[in-house]
Amino acid sequence: MRLFKHATLFGVVTISSWSAVQASDFIILPVVGSQPDTGLQLGVAAFWESSPEPDSLAASVFFIGTANNQQALALGLRTPGFIEGKQDAFDFGVRISRFPNEFYGYQAEYIENGEKYDDLSLELRAGWSYPLNDVWRVGGTLITAWADIEFENPNDPLLSNAAWTEGGQVQAIELSVTRDTRDDLSWPTGGTFAENTVTLGRSDDAGVYYTTSKSGAVYWQSPFRVILALGGQVQHASADTPFVYMPTLNGSQWMRGVVDGQYRHQSTITSQLEARIPLTRRFASSVFVHAGQVGEAPADWLDTDLKTGFGTGLRYSISDERRLNIRVDLGWVDGRSGVVINFGEAF
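Letter by letter, the sequence shown follows residues -23 to -1, 1 to 324 of mature numbering (1 follows the signal peptide of the UniProt record, and there is no 0).
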């Protein structure tokens, strides 16, 4: 669900308990967990959708706080568009966070090699998407963001090629083209999905920059009702891209098991194969394997060991009429592990 695209930045935690309360397509999901850098984490995620249509009214809230006074809040709102007879839609989002992280670059292999930093940021987004037909959709989003970044060791060699490492202000526009032939948006059993995104921005410190992203997936249901999903993503960014907007291995989607932002560089590649196994009308499970790499350019992807991993997950649908899943995934990447709790499938 695109509404949660920016709420999942904080979704990798070690979960000790979770539960859900349902009413139609309304979800409340308490979150309890911990990480070495943050201590105890307490949070809540809530989602409401009036209907499964891409232009239906929907809203989301995500909040998490920690024992050492770090917080993250994300709000999302989707409303129907203004063109009669078309399923165009407006999307609005606010994200505020004060969270620690570690940056490993693309050569580090062990967690102790990471460079610790704190990121205080605010991001506002306003977007509009329009369907050209039943398959193609185009969209545009305006972004304004502020950030204050503090590194434990600003002179670390890992940061030698990074721009905008102290934060500042950013204005950007994001343009997207999507091709979608999936037979179901929340639980596809066939079809394909592809999205191309270009972001043009300007920061007050590093100047003009751009990022591009190409992602895709294909789905197939076996005679045993097991669904196979194969997907991947390639990203690239210019040299002056702000540190927090550099391409990263997405720990809540493509590389479940790492925290988003731990690996950043000017280019990334990820791939994933997942088997989704329906158990009952409400429950399903999954197993997946994934691989990814970051580097200054695609030619650098082969310079270091490919980052690989695997994982398993459990699904619970809040609806009898369609699979609208709460997703709990446990993933490993190069010996690191993490739990992701989210709404809808990873891809």
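Backbone N, C-alpha and C fix where the C-beta goes; we use that ideal spot for every residue, glycine too.
Nothing here was measured: the structure is a model prediction, and the numbers come from that model.
Going by DSSP, what residues sit across from E100 in a beta bridge? Position 123 of the sequence shown holds residue 100. According to DSSP, which records beta bridges pairwise, E100 is partnered with R72, A122.
Distance between beta carbons of V310 and residue 340, contact taken as under 8 Å: Since the first residue shown for the chain is -23 and the last is 324, residue 340 is missing from the structure and cannot be characterised.
By how many angstroms is the C-alpha of D181 removed from the C-alpha of A122? One-based indexing of the sequence shown puts residue 122 at position 145. One-based indexing of the sequence shown puts residue 181 at position 204. In a straight line, the C-alpha of A122 is about 11 Å away from that of D181.
So L207 packs on L256, CB below 8 Å; how close in whole Å? In the sequence shown, residue 207 corresponds to position 230, counting from 1. In the sequence shown, residue 256 corresponds to position 279, counting from 1. The pair is not a contact, with the Cβ atoms about 22 Å apart (cut-off 8 Å).
Those runs of the beta strand (DSSP E) which lie wholly inside the stretch 237 to 308 and span at least 3 residues: 244 to 255, 260 to 272, 284 to 294
State the Cα-Cα distance for the pair A36 and D277, rounded to the nearest angstrom. Taking the first residue of the sequence shown as 1, we reach residue 36 at position 59. Taking the first residue of the sequence shown as 1, we reach residue 277 at position 300. For A36 and D277, the distance between alpha carbons rounds to 41 Å.
For L19 and F39, I'd like the C-alpha separation in whole angstroms. Within the sequence shown, residue 19 is the residue found at index 42, counting from 1. Within the sequence shown, residue 39 is the residue found at index 62, counting from 1. So the two alpha carbons sit approximately 11 Å from each other.
DSSP three-state assignment for N319, whether helix, strand or coil: Position 342 of the sequence shown, counted from the start, is the residue given in the question as residue 319. It is a strand residue.
Using 8 Å as the threshold, is the C-beta distance between S106 and A171 below it? Along the sequence shown, one-based indexing puts residue 106 at 129. Along the sequence shown, one-based indexing puts residue 171 at 194. No, Cβ-Cβ distance for S106 and A171 is not below 8 Å.
Which of the three DSSP states, helix, strand or coil, is assigned to M(-23)? As a first step, residue -23 is located in the sequence shown; it is residue number 1 there, counting from the start. Below a pLDDT of 50, predicted positions are generally treated as unreliable, and M(-23), at 38, falls in that range; no measurement from the model is reported.
Any contact between the stretch 208 to 218 and the stretch 284 to 297? By contact I mean 3 or more CB pairs, one from each, below 8 Å. no
Helix or strand or just coil, what does DSSP make of S314? Within the sequence shown, residue 314 is the residue found at index 337, counting from 1. In the structure shown, S314 sits in a strand (DSSP, three-state: E or B).
Let me know if V317 comes out buried or exposed under the rule of 16 or more other beta-carbons within 10 Å of its beta-carbon. The residue you call residue 317 lines up with position 340 of the sequence shown. Result: buried.
E151 and T176 look like a contact to me (Cβ under 8 Å); what is the Cβ gap, rounded to whole Å? Along the sequence shown, read from residue 1 onward, the residue named residue 151 stands at position 174. Along the sequence shown, read from residue 1 onward, the residue named residue 176 stands at position 199. Confirmed, Cβ separation roughly 5 Å.
Just to confirm before moving on: does the CB-CB distance between I254 and V185 stay below 8 Å? Counting from 1 along the sequence shown, the entry for residue 254 is found at position 277. Counting from 1 along the sequence shown, the entry for residue 185 is found at position 208. Contact flag unset, no.
Out of curiosity, what's the CA-to-CA distance linking R(-22) and E273? Looking up residue -22 in the sequence shown gives position 2. Looking up residue 273 in the sequence shown gives position 296. Reliability fails at R(-22), whose pLDDT of 40 lies under 50, so the model's placement of it is uncertain and the value that follows must be treated cautiously. In this structure, the straight-line span from the alpha carbon of R(-22) to that of E273 is close to 28 Å.
Going by beta carbon distance, what residues of the same chain come within less than 6 Å of T169, once the five residues before and after it are set aside? Taking the first residue of the sequence shown as 1, we reach residue 169 at position 192. Cβ within range, chain order: T158, V195.
Taking its Cβ as the centre, do 16 or more other Cβ atoms sit within 10 Å of G117, making it buried, or is it exposed? On the sequence shown, position 140 is the one that residue 117 refers to. It is exposed - the Cβ of G117 has fewer than 16 other Cβ atoms within 10 Å.
Looking at the structure shown, is F220 part of a helix, part of a strand, or coil, going by DSSP? Taking the sequence shown and counting its residues from 1, one reaches residue 220 at position 243. Helix.
At which residues does the beta strand (DSSP E) containing residue 330 begin and terminate? This structure cannot settle anything about residue 330, because the visible part of the chain is limited to -23 through 324.
Does DSSP put F324 in a helix, a strand or coil? Along the sequence shown, one-based indexing puts residue 324 at 347. Collapsing the DSSP output to three states places F324 in coil.
Identify, in the order they occur along the chain, each residue of the same chain with its Cβ nearer than 6 Å to the Cβ of G145, setting aside the five sequence neighbours on each side. Counting from 1 along the sequence shown, the entry for residue 145 is found at position 168. Excluding residues within five positions, the ones whose Cβ falls inside 6 Å are S180, D181, D182.
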